[in-house]
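Student:
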Amino acid sequence: MKNTALITGASSGIGKEFATIHAEKGGDMVLVARRKEKLEELKSELEAKHSVSVKIISKDLSVAGSAKELYDEIESEGIQIDVLINNAGFGLRGYFHELPWDRQQQMMQLNMISLSELTHLFLPQMMARNSGKILNVSSTASFMPGPLQAVYFATKAYVTFLGNALAEELKDTNITVTNLMPGATETEFAKTADMEKTDLFKNAFSARGVAQDGYDGMVQGKLDVISGVTGSQKMMQYMLPFIPKKTLLAQIKKMQEA
1 MKNTALITGA
11 SSGIGKEFAT
21 IHAEKGGDMV
31 LVARRKEKLE
41 ELKSELEAKH
51 SVSVKIISKD
61 LSVAGSAKEL
71 YDEIESEGIQ
81 IDVLINNAGF
91 GLRGYFHELP
101 WDRQQQMMQL
111 NMISLSELTH
121 LFLPQMMARN
131 SGKILNVSST
141 ASFMPGPLQA
151 VYFATKAYVT
161 FLGNALAEEL
171 KDTNITVTNL
181 MPGATETEFA
191 KTADMEKTDL
201 FKNAFSARGV
211 AQDGYDGMVQ
221 GKLDVISGVT
231 GSQKMMQYML
241 PFIPKKTLLA
251 QIKKMQEA
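Residue numbers (the working numbering): 1 to 258.
1) With 16 as the cutoff for other CB atoms within 10 Å, does Leu118 come out buried or exposed?
2) If contacts are defined as beta-carbon pairs under 8 Å, then Leu61 and Ala88 qualify, I think. What distance do you get, rounded to the angstrom?
3) Over the uninterrupted beta strand (DSSP E) stretch that includes Asp172, give me the two end residues.
4) If you draw a straight line from the C-alpha of Leu170 to the C-alpha of Leu110, how long is it?
5) On the DSSP bridge list, what partners appear for Asp224?
6) Determine the burial state of Pro244: buried for a count of at least 16 other Cβ atoms within 10 Å of its Cβ, exposed for fewer.
7) Among the candidates Gly214, Asp224, Leu249, Met255, whose CA atom is the shortest distance from the CA of Glu168?
8) So which of Lys2, Ser114, Thr20 has the shortest CA-CA distance to Ala207?
9) To the nearest angstrom, how far is it from the Cα of Leu162 to the Cα of Val137?
10) Nearest CA to the CA of Gly214: which residue from Ile56, Pro147, Val83?
11) Kindly indicate the opening and closing residues of the alpha helix (DSSP H) around Met108.
12) What residue range is occupied by the uninterrupted alpha helix (DSSP H) comprising Leu115?
13) Taking the alpha-carbon of Tyr79 as reference, which of Lys246, Asn3, Ala184, Glu257 has the nearest alpha-carbon?
14) Ignore the nearest five residues each way along the sequence and tell me which others in Thr178's own chain have a CB closer than 8 Å to its CB.
15) State the CB to CB distance for the pair Leu249 and Phe143, rounded to an integer number of angstroms; the pair is presumed to be in contact (CB under 8 Å).
16) For Ala33, which of helix, strand or coil comes out of DSSP?
17) Could you have a look at Val229 and say whether DSSP puts it in helix, strand or coil?
18) Note the first and the last residue of the continuous alpha helix (DSSP H) segment covering Leu248.
19) Might you give, ordered along the chain, the residues of its own chain that have their beta carbon closer than 7 Å to the beta carbon of Ile57, omitting 5 neighbours on each side?
20) Taking the straight line between their C-alpha atoms, what separation do you get for Gln237 and Ser66?
21) Can you tell me whether Gln256 is buried or exposed, with buried defined as 16 or more other CB within 10 angstroms of its CB?
22) Sorted by chain position, which residues of the same chain lie with C-beta nearer than 6 Å to Thr160's C-beta, five sequence neighbours on each side aside?
23) Suppose only complete runs of 4+ residues qualify. What are the alpha helix (DSSP H) ranges in the stretch 13-92, listed by chain order?
24) Can you give the Cα-Cα distance for Phe153 and Glu47, rounded to whole angstroms?
25) Relative to the C-alpha of Met1, which residue among Glu17, Lys38, Ser44, Val54 is closest?
26) Taking the beta carbon of Thr8 as the centre, do at least 16 other beta carbons fall within 10 Å, making it buried, or is it exposed?
27) Quick check on Ala88 - is its C-beta less than 8 Å from some C-beta in chain D?
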């Protein structure tokens, strides 16, 4: 396999678009998601259309230990991962004390722990070759606390700060770490997070456009890529340090309400 990308959460949405873009560039890939049938469909489509090699692995990365199992399977087949795209993640909307704890724990496992573990497992190989690219899908939610999505916003803040810290640690190497920070995007995220009827997702951006921005930013070695946000949302991001925190929290909570 050549210029091989490992893409998690690849069965739909931004992850599927990452796979398509990488295939268009002639790169091979290992695609990971829970839904094997979706992965098989994507594998057939990409191999037929772009003459690339695609390996699929059905794995639920919200389960503890799954990241190491994934790494071991890839290692056992002697596949070199040149590009790591940590895309898998999900959100939940509701009051922290009312949402099921097991689902919130799974979210933390997927959004933070598995992402960190995969990076920790594959990074030493990149260091040995002094080459590699890592793209972590964070969110514009990482800039602020998120009432009614308290844990999700917190997990994405972790992703953003982890990626930035690693980028600085690796600045004297040929390995780059990029954060993609999408706003509301046309994926299954809104349905899973019960966000479909909120104002935030009324004008969602295309998954292809967001994925393209992230992929291009990764290739260019950018630190952060913000995509899928409106002009007013960009202005709000710039104003965040100047907005009183209680006012900000009330505004964010209102955005999450259906």
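Glycine included, C-beta positions come from ideal geometry on N, C-alpha and C.
Tutor: Reading it off the structure:
1) By the neighbour-count rule (16 or more Cβ atoms within 10 Å), Leu118 is buried.
2) About 5 Å separates the two Cβ atoms, so the contact holds.
3) Per DSSP, Asp172 lies in no beta strand (DSSP E) and is assigned neither H nor E.
4) Those two C-alpha atoms are separated by around 24 Å.
5) Paired residues: Asn179.
6) It counts as exposed.
7) Nearest in C-alpha terms to Glu168, of all of Gly214, Asp224, Leu249, Met255, is Asp224.
8) Out of Lys2, Ser114, Thr20, Thr20 has the C-alpha closest to the C-alpha of Ala207.
9) Distance between the alpha carbons of Leu162 and Val137 is about 12 Å.
10) It is Val83 whose Cα lies nearest to the Cα of Gly214.
11) 101-108 is the extent of the alpha helix (DSSP H) around Met108.
12) Judged by DSSP secondary structure, Leu115 falls within the alpha helix (DSSP H) whose first and last residues are 115-129.
13) Going by the sequence as given, residue 79 is Ile instead of Tyr. When each option's Cα is compared against that of Ile79, the closest is Asn3.
14) Contacts found: Lys133, Ile134, Leu135, Asn136, Gly163, Ala167, Gly214, Gly217, Met218, Gly221, Lys222, Leu223, Asp224, Val225.
15) Cβ atoms of Leu249 and Phe143 stay farther apart than 8 Å, at about 13 Å.
16) Strand.
17) Three-state result, Val229: coil.
18) Segment 245-256, the alpha helix (DSSP H) holding Leu248.
19) Within the same chain, Ile57 has close Cβ partners Val30, Val32, Leu70, Glu73.
20) If you take the alpha carbons of Gln237 and Ser66, they lie about 35 Å apart.
21) Buried is the call here.
22) Setting aside the 5 residues that flank it on each side, Thr160 is surrounded in the same chain by Ser138, Ser142, Asn179, each with a C-beta closer than 6 Å to its C-beta; the list follows chain order.
23) Runs of the alpha helix (DSSP H) lying entirely within the stretch 13-92, each at least 4 residues long, are 13-24, 36-50, 66-76 in chain order.
24) A straight-line Cα-Cα distance of about 36 Å links Phe153 and Glu47.
25) Nearest Cα to Met1 within the set Glu17, Lys38, Ser44, Val54: Val54.
26) The residue in question, Thr8, is buried, as its Cβ has 16 or more Cβ neighbours within 10 Å.
27) Looking for chain D here will not work: only one protein chain is present.
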